[in-house]
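In the numbering used here, the protein residues as written are 80 to 456. Even glycine gets a Cβ: it sits at the ideal position worked out from N, Cα and C.
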């Protein structure tokens, strides 16, 4: 009896040791893939599968594709997992930062139902739609960002290069300076002595960003603050709710039960505060609360039109169609907010920069008029 026990213990220890030795010591959390690269990879994967190539050979071919060179190690590891007998969704789930949870869950359902190709096409459409929206927003925001950068750069150049030259000329001419010119020259001397002052806002922003990344509590507080700011808050809320609704729609379209789709979709929301609120909504659904009732408790986050559409979809039994309509509504609202905000910000920004630069130029030329008066006299 003791011999059998010692033998089983040794076998158990040997199996544990074998698992430890063969375990993957890599750090999958650090493996990342952009949405654009993910859409490209899944598109190639879908095309090769449609042409009848086995899944293992598909990943082997992708790992040697030049367009996916920077993800070659990741693709080789995925190929190795499939060779060992793992499923595609099981291999993808090891790299959560490269493959979002909702994508993995849809692929899992597609594999189990035998509709992997159609599932991949649906995921590609979702990614491309999100990329198109993001690129449209970035394109709209690029103009005010470039104007701000150019204006600040020009003012910094004038303070550090142009103003000292004028100050030297006026000092040699012993001309009394107006108070406007004195203020500008004082700022110029301050920047000359303390050249690091323009970097302080950047360093402060980097410090806040690092503290937010390193602390879960700080991140939650920061994200809560984002949702409550006067102008940025509406954008932050709309983007978070749109992320949630897109994931719910995708998972429901893939065949998930709405309550499971909502539970999975919470993890795709980038704003931690909104995610926490949606997780509480998901927990309420588990306890039997209706979706429309649970959403009414989040009136500060979810627009009334979305709640009305969800209520209609809940009564008709077609949550998937309701979520599709909600996504379209949120996307249109986000674009309207962006257009309206830029229509207000751009003229204010242009007038402000023109006023600041004009003030500096006027301050530098005002003493010159006095010099001309002295010469005429």
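The Cβ atoms of residue 420 and residue 310 sit closer than 9 Å to each other.
Rounded to whole angstroms, the gap between the alpha carbons of residue 312 and residue 318 is 10 Å. Around the C-beta of residue 179, 16 or more other C-beta atoms lie within 10 Å, and the residue is accordingly described as buried.
Put simply, the backbone Cα of residue 300 is about 34 Å away from that of residue 391. Beyond the five residues adjoining it in sequence on each side, residue 185 comes within less than 8 Å, by CB distance, of 198, 201, 202, 329, 330, 333 in the same chain, given in chain order. Using a Cβ distance threshold of 9 Å, residue 156 and residue 173 count as a contacting pair. In the same chain as residue 384, and ignoring 5 residues on each side of it, the C-beta atoms closer than 7 Å to its own belong to 408, in chain order.
By a beta-carbon distance limit of 8 Å, residue 168 contacts residue 187. Their separation comes to about 4 Å.
Taking the Cα positions, residue 261 is about 13 Å away from residue 247. Across the set 132, 218, 295, the C-alpha of 295 shows the shortest separation from the C-alpha of residue 349. Apart from the 5 residues on each side of it in sequence, residue 209 sits with its Cβ closer than 8 Å to the Cβ of 114, 325 in its chain, given in chain order.
Annotated as proximal: residue 196 and residue 129, with beta-carbon spacing under 9 Å.
Within the segment 105-153, the complete alpha helix (DSSP H) segments of 4 residues or longer fall at 114-129, 134-142, listed in chain order. In the structure shown, residue 267 falls within a helical segment according to DSSP collapsed to helix, strand and coil.
With a cutoff of 9 Å on beta-carbon distance, residue 443 and residue 241 are scored as near each other.
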